[in-house]
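Peer 1:
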Amino acid sequence: MKIEWAPLRVPLERRLQIMVTAFFTSMLPILLSVSFLLVAGSLIYGGLLLRSLMLIYLVYVYVHHKNTQSVVDNNGWLITRTNRYHRYYRDYFPVELVKTAELPPNKNYILASFPHGILGTGIGINMGLEISKWLELFPQVRPKLGTLDQHFHVPFMREVIRCWGLVSVSKEALIRMLSKSNDPNHKENRDGFTSNAVAILVGGAQEAMDSHPGQYILTVKSRKGFVKMAIRTGSSIVPSFSFGEVDIFDQVANPPDSLLRRFQNVVKKITGVSPLIPVGRGFFNYTFGFLPFRRRIVQVVGSPIDVVKSDQPDPEYVDKIHSQVIEALEKLFEQYKHKYLKNSENAKLVVQ
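Residue 338 in our numbering sits at position 341 of the sequence shown, and the numbers go up by one each step.
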């Protein structure tokens, strides 16, 4: 294999982008490792005071998550959601955000976001880490990003991801977020925001396993939970498509009948996470490594699909709204692929 080396002379700005991107790309294992070491080190090697404080904190984590689902009701500390370092991460690709319709701040929203890709990078930046563009395009609408509930059971790590605007995709957490009042005079809206928009990567781990450059394979036909949640809470569904998301990483070939895919399916069934083997670039080469490729990602936010609120969603109505979402995603793809994708004439959308 011929290695394509990166040039030695690179502007400082690009070096900083690479360093910040390396951190966020390996963020999950870093946070998990640091959290484990802090807890284990305190309980094993700490004195009586440190052990006591750690036990108190662990109890707090359990009780707080049980009572509040670890939700941060407002935008949190904005310095943790928009700053120079997060913009280095955004500009590495770069990641862009495109508005196609208004999101009035008098209701709450579920952003049905596709495709997942390896990490869900585009949506993670625009609605989690670097929300300056979102706040500009959608004023008074708080951006939130859904992730696995088990992440909020990990001490210390949960505090970090809460600062980044992440919320659990558990039923309880979503109902809490999407049932918030839209009244400007409500005490919870004193920050000037009257609406919550929660982005959900509907395809999840299954869609991540199908992520390969140039291939837009969506897992949505069997995913109707987000539609039921929208109906229960009266939230509008907003289709969102991130062009280029699948191009920033390749992964080791894992066709459906391969041994690797069967292993991934078993692990996903047990843990909810699929063990992917991503293939990217390195610090000093463009051929292999764990860094994502510099590929443009454009998140296009579609028009909201309104629903009629019901505590007991009718199956036929769920199917109707679900079909509208799929149709809207197909229209978004066909309408914008020529603008945001290279070789767009060969780009096909597979909905499964």
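Just so it is clear, CB atoms sit at the ideal spot from N, CA and C, and this is done for glycine as well.
#1: Tell me whether P253 is buried or exposed, calling it buried when 16 or more other Cβ atoms sit within 10 Å of its Cβ.
#2: Ordered along the chain, which non-local residues of its own chain (more than five positions away) have a Cβ less than 8 Å from that of L145?
#3: How would you call H183, buried or exposed, if buried means at least 16 neighbouring beta carbons within 10 angstroms?
#4: What residues are listed by DSSP as bridge partners for Y106?
#5: Tell me, please, which residues DSSP counts as bridged to N282.
#6: Are the segment 130 to 149 and the segment 280 to 296 touching by the rule of at least three beta carbon pairs closer than 8 Å?
#7: Kindly indicate the opening and closing residues of the beta strand (DSSP E) around V138.
#8: Who are F135's beta bridge partners in DSSP?
#9: Could you tell me the alpha carbon to alpha carbon distance between I214 and E242, rounded to whole angstroms?
#10: In the DSSP assignment, the beta strand (DSSP E) including V92 goes from what residue to what residue?
#11: Contact check, L126 vs W161 under 8 Å by CB: the rounded distance?
#12: I'd like to confirm the pairing. Which residues does DSSP put opposite L215 in its beta bridges?
#13: Any idea which residues DSSP pairs F111 with across the strands?
#14: Would you mind working out which of G277, N193 and I228 sits nearest P312, comparing C-alpha positions?
#15: Three-state secondary structure (DSSP) at D316?
#16: When you compare the segment 328 to 347 with the segment 269 to 285, are there three or more beta-carbon pairs, one atom per stretch, that lie closer than 8 Å?
#17: Write down the C-beta distance between I172 and T230 rounded to the nearest angstrom, noting that I regard them as a contact closer than 8 Å.
#18: Can you find the residues in the same chain that come closer than 7 Å, C-beta to C-beta, to G277, ignoring five residues on each side of it along the sequence?
#19: Determine the extent of the alpha helix (DSSP H) in which L163 is found, giving its start and end residues.
#20: Take D70 and list the residues in its own chain whose beta-carbon comes closer than 7 Å to its own, dropping the five residues that flank it on each side.
#21: Quick check on R78: buried or exposed, where buried means 16 or more other Cβ atoms within 10 Å of its Cβ?
#22: On the three-state DSSP scale, how would you describe H61?
#23: Quick one: measure Cβ to Cβ for F190 and N72, integer angstroms, because I've assumed they're closer than 8 Å.
#24: Going by DSSP in three states, P26 sits in which element: helix, strand or coil?
#25: Along the alpha helix (DSSP H) that carries Q203, what are the first and last residues, could you check?
#26: Ignore the nearest five residues each way along the sequence and tell me which others in Q66's own chain have a CB closer than 7 Å to its CB.
#27: Anyone know if the C-beta pair for M226 and L175 falls short of 8 Å?
#28: Applying the 10 Å Cβ sphere with the 16-neighbour rule, what's the burial state of S320?
#29: Identify which residue in P4, R187, P236 and Y314 has its Cα closest to the Cα of R139.
#30: Quick one: using the 10 Å Cβ neighbour count with 16 as the cut-off for buried, is E93 buried or exposed?
#31: Give a yes or no on contact between the segment 100 to 114 and the segment 33 to 49, applying the rule of three or more CB pairs nearer than 8 Å.
Peer 2: This is what the structure holds:
#1: For the purposes of this step, residue 253 is identified with residue 256 of the sequence shown, where counting begins at 1. By the neighbour-count criterion, in which 16 or more other beta carbons inside 10 Å mark a residue as buried, P253 falls on the exposed side.
#2: Taking the first residue of the sequence shown as position 1, residue 145 is located at position 148. Excluding residues within five positions, the ones whose Cβ falls inside 8 Å are S165, V166, G269 and V270.
#3: For the purposes of this step, residue 183 is taken as the residue at position 186 of the sequence shown. Exposed is the call here.
#4: Counting from one through the sequence shown, the residue named residue 106 turns up at place 109. Residue pairing for Y106: DSSP places it in a beta bridge opposite A194 and S233.
#5: Position 285 of the sequence shown, counted from the first residue, corresponds to residue 282. Beta-bridge pairing links N282 to W2.
#6: Here the segment 130 to 149 does not lie against the segment 280 to 296, with fewer than 3 beta-carbon pairs under 8 Å apart.
#7: The residue labelled residue 138 in the question sits at position 141 within the sequence shown. Where V138 is concerned, the enclosing beta strand (DSSP E) stretches over V138 to T144.
#8: Working through the sequence shown from its first residue, we reach residue 135 at position 138. In the DSSP assignment, F135 is bridged to no other residue.
#9: For the purposes of this step, residue 214 is taken as the residue at position 217 of the sequence shown. For the purposes of this step, residue 242 is taken as the residue at position 245 of the sequence shown. It is roughly 12 Å from the alpha-carbon of I214 to the alpha-carbon of E242.
#10: Mapped onto the sequence shown, residue 92 falls at position 95. Looking at the DSSP string, the run of the beta strand (DSSP E) that includes V92 is V92 to K96.
#11: Along the sequence shown, one-based indexing puts residue 126 at 129. Along the sequence shown, one-based indexing puts residue 161 at 164. The C-beta separation of L126 from W161 comes to about 6 Å, placing the pair in contact by the 8 Å criterion.
#12: In the sequence shown, residue 215 corresponds to position 218, counting from 1. According to DSSP, L215 bridges with V348.
#13: Walking along the sequence shown from the start, residue 111 turns up at place 114. In DSSP, F111 forms a bridge with F238.
#14: In the sequence shown, residue 312 corresponds to position 315, counting from 1. When each option's Cα is compared against that of P312, the closest is I228.
#15: Looking up residue 316 in the sequence shown gives position 319. DSSP places D316 in the helix class (H, G or I) of the three-state scheme.
#16: When C-beta atoms of the segment 328 to 347 are compared with those of the segment 269 to 285, fewer than three pairs fall below 8 Å, so the two segments do not count as touching.
#17: As a position in the sequence shown, residue 172 is number 175, starting the count at 1. As a position in the sequence shown, residue 230 is number 233, starting the count at 1. Sure, about 6 Å apart at Cβ, within 8 Å.
#18: Residue numbering aside, residue 277 sits at position 280 when the sequence shown is read from its first letter. The answer, listed in chain order, is F246, G286, F287, L288, P289 and F290.
#19: As a first step, residue 163 is located in the sequence shown; it is residue number 166 there, counting from the start. It is not in any alpha helix (DSSP H) - L163 instead sits in the beta strand (DSSP E) that spans L163 to S165.
#20: Reading the sequence shown from its first residue, position 73 is the one you call residue 70. E185.
#21: For this step, residue 78 is matched to residue 81 along the sequence shown. Its Cβ being crowded by 16 or more others within 10 Å, R78 is buried.
#22: Your numbering for residue 61 matches position 64 in the sequence shown. H61 falls in the helix class under three-state DSSP.
#23: Counted from its first residue, the sequence shown places residue 190 at position 193. Counted from its first residue, the sequence shown places residue 72 at position 75. With 8 Å as the limit, F190 and N72 qualify as a contact, their Cβ atoms being about 7 Å apart.
#24: Along the sequence shown, read from residue 1 onward, the residue named residue 26 stands at position 29. Assigned with DSSP and collapsed to three states, P26 falls in helix.
#25: Counting from one through the sequence shown, the residue named residue 203 turns up at place 206. Segment G201 to M206, the alpha helix (DSSP H) holding Q203.
#26: To locate residue 66, count along the sequence shown from 1; it is residue 69. Hits under 7 Å: S165, S167, E169, A170 and R173.
#27: Start at 1 with the first residue of the sequence shown, and residue 226 comes out as number 229. Start at 1 with the first residue of the sequence shown, and residue 175 comes out as number 178. Against a cut-off of 8 Å, the Cβ pair of L175 and M226 comes out as a contact.
#28: Translated into the one-based positions of the sequence shown, residue 320 becomes position 323. Classification for S320: exposed.
#29: Your numbering for residue 139 matches position 142 in the sequence shown. For R139, the nearest C-alpha among the options comes from R187.
#30: Position 96 of the sequence shown, counted from the first residue, corresponds to residue 93. If you draw a 10 Å sphere on the C-beta of E93, you find 16 or more other C-beta atoms in it, and that means buried.
#31: Not touching, per the Cβ criterion.
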